[in-house]
Amino acid sequence: MTDIDKAARADAYFERLRDANVAALWTIPGTLATEPTLDEVPYVWRAEEIFPLLEEAVSIADLGEDTDRRALNASNPTRRFGTSHNLVAGYQLVLPGETAPAHRHTPSAIRLLLQGSGHTTVDGEPVLMERGDLVLTPPNTWHDHRHNGTEPMIWLDGLDVPFVRGQHAQFAEEYPNGELQKITQEEDASVHRYFAGLNPVDEGWEKQHSPLNKYAYSTSRAALAEYHRGQGEPAWGSRLEYVNPLTGGHVIPTLSCYLTLLPEGGRTTVRRQTPSAVFCVLEGRGHSIIEGERYDWSENDFFVVPSWHRYEHVADDGDAVIFELSDLPIYEPFGLLRVEVGPKRGDA
Ligand code: 1HN
2 MTDIDKAARA
12 DAYFERLRDA
22 NVAALWTIPG
32 TLATEPTLDE
42 VPYVWRAEEI
52 FPLLEEAVSI
62 ADLGEDTDRR
72 ALNASNPTRR
82 FGTSHNLVAG
92 YQLVLPGETA
102 PAHRHTPSAI
112 RLLLQGSGHT
122 TVDGEPVLME
132 RGDLVLTPPN
142 TWHDHRHNGT
152 EPMIWLDGLD
162 VPFVRGQHAQ
172 FAEEYPNGEL
182 QKITQEEDAS
192 VHRYFAGLNP
202 VDEGWEKQHS
212 PLNKYAYSTS
222 RAALAEYHRG
232 QGEPAWGSRL
242 EYVNPLTGGH
252 VIPTLSCYLT
262 LLPEGGRTTV
272 RRQTPSAVFC
282 VLEGRGHSII
292 EGERYDWSEN
302 DFFVVPSWHR
312 YEHVADDGDA
322 VIFELSDLPI
332 YEPFGLLRVE
342 VGPKRGDA
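2 is the number of the first residue of the sequence shown in the working numbering; add one for each residue after it.
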């Protein structure tokens with residue numbers, strides 16, 4: 002048999018395979034790639050550019066008429082939808098006097114309040130949101146937003162929509178009559194019930210997510226400063242995770258959240274990990290080096306570090322406080338979590 006015979010036979014064979022909807026393993030690129038391909042890119046969404054676009058949406062989309070959520074979702078330049086393959090982040094605006102009616106869905110969400118103040122009601126509990134507060138809307142919890150303050154309210158949304166859609170598991174439901182949900186609890190009830198470091202013993206909580214609907218910035222910021230003060234290597238910064246007080250685990254089954262304090266002039270250790278993350282700057286000005294490229298950021302900006310990209314943060318002007326939303330919990334149960342932390346400065 003000549004090589005030409007073999008090539009001709011192979012061509013005909015592969016065509017028959019296509020007709021039969023099968024493919025030969027040895028012809029598929031990357032079936033056993035030795036490392037993830039870096040097919041998404043780092044990107045910074047700047048408040049300076051996006052806030053005005055969001056404010057312009059007021060004249061384009063009436064809340065309750067044209068949309069239930071006046072939000073701009075950040076798409077990774079490599080994707081049609083999704084800030085990373087698992088996460089979508091964006092800014093959302095509610096004006097004084099406006100309401101965003103209740104709904105619930107299988108994707109989970111977090112909010113990080115950036116400007117103004119108002120309320121998100123979560124399963125009957127009105128949660129007051131002020132700058133830096135982290136508010137959870139875990140899977141299938143009813144949530145609506147309302148605003149009775151004076152200044153336009155803007156927050157960062159972070160959801161696991163691309164992941165949930167990828168699992169063909171997105172379900173959503175509107176609250177009856179397109180209204181705000183019925184309030185069944187006092188304001189910040191979950192904070193009053195769970196935040197003291199004491200857990201109720203005689204109360205069942207079967208859910209997989211944190212019973213706390215809010216992590217107030219005043220508390221988180223003070224805890225971070227206190228931890229940082231007692232830490233040996235302040236120049237590398239301090240990173241704390243928001244936890245479910247009942248388990249010490251992640252706040253939501255698919256999402257984990259962190260807060261980092263990096264003193265002015267400080268630089269984090271280099272890290273790369275399989276999970277992706279969205280970082281939002283609450284204080285300070287600085288930059289990150291991601292796979293060798295520099296990305297500058299300042300207050301209220303957010304940026305994405307896709308999977309398996311090496312990154313480090315540097316605080317250039319003032320102490321930096323950076324909020325982080327990660328899809329890390331998705332990786333853990335399947336043995337897919339890989340984290341490399343580079344040598345600390347000064348290590349040989
Ligand atoms: C959503 O339901 C909200 O409830 C915000 O405020 C952003 C982005 C994608 C899909 C659903 C909200 C969203 C979202």
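All C-beta atoms in this analysis are idealised placements derived from N, C-alpha and C, irrespective of residue type, glycine included.
Model, not experiment: these values are computed from the prediction.
- Membership of G167 in the alpha helix (DSSP H) is indicated by the continuous run V162 to G167.
- K7 carries a helical assignment under DSSP once its states are collapsed to helix, strand and coil.
- In the DSSP assignment, T220 falls within the unbroken alpha helix (DSSP H) covering Y218 to R230.
- With respect to the 8 Å criterion, F164 and N87 are classified as neighbours on the basis of their beta carbons.
- Among the bridge pairs identified by DSSP, R112 is matched with V136 and D158.
- When the five nearest sequence neighbours on each side are left out, the beta carbons in the same chain lying within less than 8 Å of the beta carbon of P235 are those of H229, P264 and G267, in order along the chain.
- Rounded to whole angstroms, the Cβ separation of K215 and D134 is 6 Å, and the two are in contact under 8 Å.
- Note on E180: under 16 other CB atoms within 10 angstroms of its CB, so exposed under the neighbour-count rule.
- Each of N301, I184, D317 and H106 was checked against the Cα of E174, and the nearest Cα belongs to H106.
- Comparing alpha-carbon positions, the option among R112, G83, D67 and L241 lying closest to V322 turns out to be L241.
- Put simply, the backbone Cα of N301 is about 9 Å away from that of L157.
- The beta strand (DSSP E) runs lying completely inside the region 161-210 and spanning 3 residues or more are 173-175, given in chain order.
- The C-alpha of F15 is placed about 8 Å away from the C-alpha of A24.
- The Cβ-Cβ distance between S211 and L260 does not fall below 8 Å.
- Shortest Cα-Cα distance from Q93 to any of T122, H146 and T138 involves H146.
- According to the DSSP assignment, E57 belongs to the alpha helix (DSSP H) that extends over A48 to E57.
- Inclusion of V305 and P43 in the CB contact set at 8 Å is warranted, their separation being smaller than that value.
- With a cut-off of 7 Å, the C-beta of G91 is classified as near the ligand 1HN, since at least one heavy atom of the ligand falls inside that distance.
- For W298, the three-state secondary structure derived from DSSP is strand.
- Under the 10 Å beta carbon count, A48 is surrounded by 16 or more other beta carbons and is classified as buried.
- Distances from the CB of H310 to the heavy atoms of the ligand 1HN are all 7 Å or more.
- In the structure shown, the three-state DSSP call for Y332 is helix.
- The region 291-300 makes no contact with the region 329-340; the number of CB pairs closer than 8 Å stays below 3.
- In the three-state scheme derived from DSSP, where H, G and I count as helix and E and B as strand, D20 is classed as helix.
- CA-to-CA, the gap between P97 and S118 works out to about 9 Å.
- The C-beta distance from T275 to L199 rounds to 36 Å, too long to meet the 8 Å contact threshold.
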